[in-house]
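Novice:
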Amino acid sequence: MIAESNITYLPMHQKPMQLTSITTLSGLIEYHKRELEALEFAPNHLTETSHHNGRLVRVRGLLFRKRKLSSVLRESCMFQRKAGPSDGLSSNSSIPDMYFVTHDLHLGDLIIVEAIIQTKSLSSSFAAKVVLDVHSVLLIEPWKAIHPSARFDAVCRESDRILHSAKVSTQVATAGKYINMVLIQGKNACKYHFNGGKNGTSCLRGADCHFWHGELDDYDKNKKIWAQKRIQQRLELSQLDGDDIDPHSKAFKAKRARIFCEWLSSTFGEKALRQGSGVVDVAGGRGEISFDLWNRRGIPTTLIDPRPLVVSKRRLKQLAKYGREQCPHIESCLTDELIAKFGKLFNSCSLLVGMHPDEATEAIVDTSLALRKPFAVVPCCVMTRKFPERRSRDGTFVATYSNFVQYLMEKDARIKTSFLPFAGQNQVLYIDSKMK
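Just so we're aligned, residue 113 is where the sequence shown starts under the numbering used here, counting upward by one.
1. Do you know whose CA, among D332, L316, D329 and I337, lies nearest N300's CA?
2. For V540, I'd like the list of residues in its chain whose CB is within less than 8 Å of its CB, leaving aside the five on either flank, ordered along the chain.
3. In the structure shown, what three-state DSSP assignment does Q430 receive?
4. Take Y513 and list the residues in its own chain whose beta-carbon comes closer than 8 Å to its own, dropping the five residues that flank it on each side.
5. Spell out the partners DSSP gives F414 in its beta bridges.
6. Under 7 Å Cβ to Cβ from G388, same chain only, skipping five residues before and after it: list those, please.
7. Taking only the alpha-carbon atoms, compute the straight-line gap between R436 and M521 and give it to the nearest angstrom.
8. Is it buried or exposed, S444, if we count other Cβ atoms within 10 angstroms and call 16 or more buried?
9. How would you call G326, buried or exposed, if buried means at least 16 neighbouring beta carbons within 10 angstroms?
10. Using the three-state DSSP reduction, which class does E501 fall into: helix, strand or coil?
11. Would the beta-carbon of T479 fall within 9 Å of that of C439?
12. Where DSSP assigns a beta bridge to W324, which residues make up the other side?
13. If you follow the beta strand (DSSP E) that A488 is in, where does it begin and where does it stop?
14. Under a Cβ-count criterion, where at least 16 other Cβ atoms within 10 Å of its own Cβ denotes burial, should R503 be classed as buried or exposed?
15. Kindly indicate which three-state DSSP category C373 falls into: helix, strand or coil?
16. Where does L446 fall in DSSP's three states?
17. Would a C-beta distance cut-off of 9 Å place R398 and L421 closer than the cut-off?
18. If you reduce the DSSP assignment to three classes, tell me which class L532 lands in.
19. Between which residues of its own chain and A475 is the CB-CB distance below 6 Å, once the five residues before and five after are set aside?
20. Let's see if you can read the secondary structure: which residues bound the beta strand (DSSP E) around L464?
21. Using the beta-carbon count (16 or more within 10 Å), is G466 buried or exposed?
22. Going by beta-carbon coordinates alone, are V392 and F458 separated by less than 9 Å?
23. Comparing C-alpha positions only, which one of G173, R526, Q518 and R505 sits nearest to W255?
24. Which one of N515, L251 and L217 has the shortest CA to CA distance from I224?
25. Go ahead and label H360 buried or exposed: buried means 16 or more other beta carbons lie within 10 angstroms of its beta carbon, across all protein chains shown.
26. Taking 9 Å as the cut-off, decide whether the C-beta atoms of P486 and I411 are in contact.
27. Terminal residues of the continuous beta strand (DSSP E) containing L541?
28. Quick one: which unbroken alpha helix (DSSP H) runs of 4-plus residues sit fully inside the stretch 327–371? Chain order, please.
29. Report buried or exposed for R368, applying the criterion of at least 16 other Cβ atoms within 10 angstroms of its Cβ.
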């Protein structure tokens with residue numbers, strides 16, 4: 113518990129304060145001088161020698177906006193500030209704790225951020241910036257507890273409009289000041305305007321938004337342009353390190369099961385895959401992998417997934433066409449108990465596979481290594497909150513996709529990697545020979 117005498121409470125002010133660029137790896141919240149009018153101490157005096165440097169502060173308010181940015185800048189939050197003491201704040205949190213905290217917060221929640229305030233001068237148009245080195249974030253009162261039937265964004269639409277009523281220079285919409293923006297007529301197009309409701313009603317800032325909206329009469333035309341450019345941009349941005357496949361030539365996600373099965377057949381050989389009990393498809397969801405292997409290629413496959421398998425009419429017609437029954441399905445997660453119960457299946461299988469198996473990814477790798485079986489898995493979600501103990505050999509916290517791939521490959525020197533020609537997470541990790 114931190115002594116009250118060591119805490120500076122930020123003063124009450126009518127204007128909210130915008131906090132931007134929350135970084136998950138350092139636990140820092142940064143915001144610029146433009147937003148510092150909410151503080152009573154003069155922004156012009158924010159220098160390296162400011163008497164506020166090193167002081168512990170508490171910012172109390174409603175979580176006003178939250179959106180994902182990237183693997184480094186995970187969250188961008190806007191708070192409506194209030195001031196006042198609060199009891200029960202914890203001491204310093206670890207970096208992984210800071211990584212998780214925003215997942216437990218929702219719009220409208222009343223929270224308190226406890227942090228050490230630091231100020232730095234900038235060489236840009238802003239004279240200074242303030243860095244809050246976050247120690248803890250405490251949830252005081254969830255929005256849903258007080259307003260169980262009201263959405264926070266609907267209630268705050270008007271206050272958000274007031275917040276952004278100050279005019280911002282139109283130069284902000286000019287290309288070059290932001291990254292990963294869709295450009296239309298040389299301007300940074302507003303993604304909320306073109307990716308939402310009719311005539312751009314999803315942008316809460318409306319006419320006060322400093323991103324480009326265009327003329328209302330041209331909305332439908334510009335929306336199509338934005339959508340086409342955004343698709344191409346996402347293909348390019350999803351390109352993983354080491355992936356040399358042209359992003360514009362990749363198939364859509366709907367074809368990834370068939371592409372994966374084609375890769376399995378060419379890499380391992382269909383004759384080898386038919387040996388023993390065949391392929392074990394872990395966390396196979398709707399059974400697309402097992403269906404393709406069994407019906408189109410005659411490779412025995414067992415699906416393991418805790419969810420009931422719903423066979424569509426289209427799938428039933430295809431089964432009738434191939435003259436086969438649906439492949440076996442075990443409604444369970446991949447656990448030690450399951451492996452012991454179905455020992456014959458696992459001990460005689462030719463391969464363990466997983467296409468975007470989420471939390472089962474590491475279990476597939478570990479099971480294959482323990483049973484000395486080949487495997488092929490295409491990782492997707494890192495599932496950091498579910499597995500906070502994961503660390504690479506150098507102690508790196510496994511928080512990103514690249515961290516996760518490195519973490520899995522460090523399990524065995526024989527693990528290889530390749531890339532499949534479909535959009536999205538397309539890196540496959542595998543061992544292609546029976547281990548002695």
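Here a beta-carbon is modelled for each residue, glycine too, at the ideal position from N, C-alpha and C.
Specialist: Here's the rundown:
1. I337
2. F372, W375, A488, V489, V490, T529, S530, F531 and L532
3. helix
4. S183, L352, P491, V494 and Q537
5. First, the amino acid is wrong: residue 414 is Thr here, not Phe. Bridge partners of T414: V392.
6. S460, C461 and S462
7. 37 Å
8. exposed
9. buried
10. coil
11. no
12. A301
13. F487 to V490
14. exposed
15. helix
16. coil
17. yes
18. coil
19. L446
20. C461 to M467
21. buried
22. yes
23. G173
24. L251
25. exposed
26. no
27. Q539 to I543
28. 331–349
29. buried
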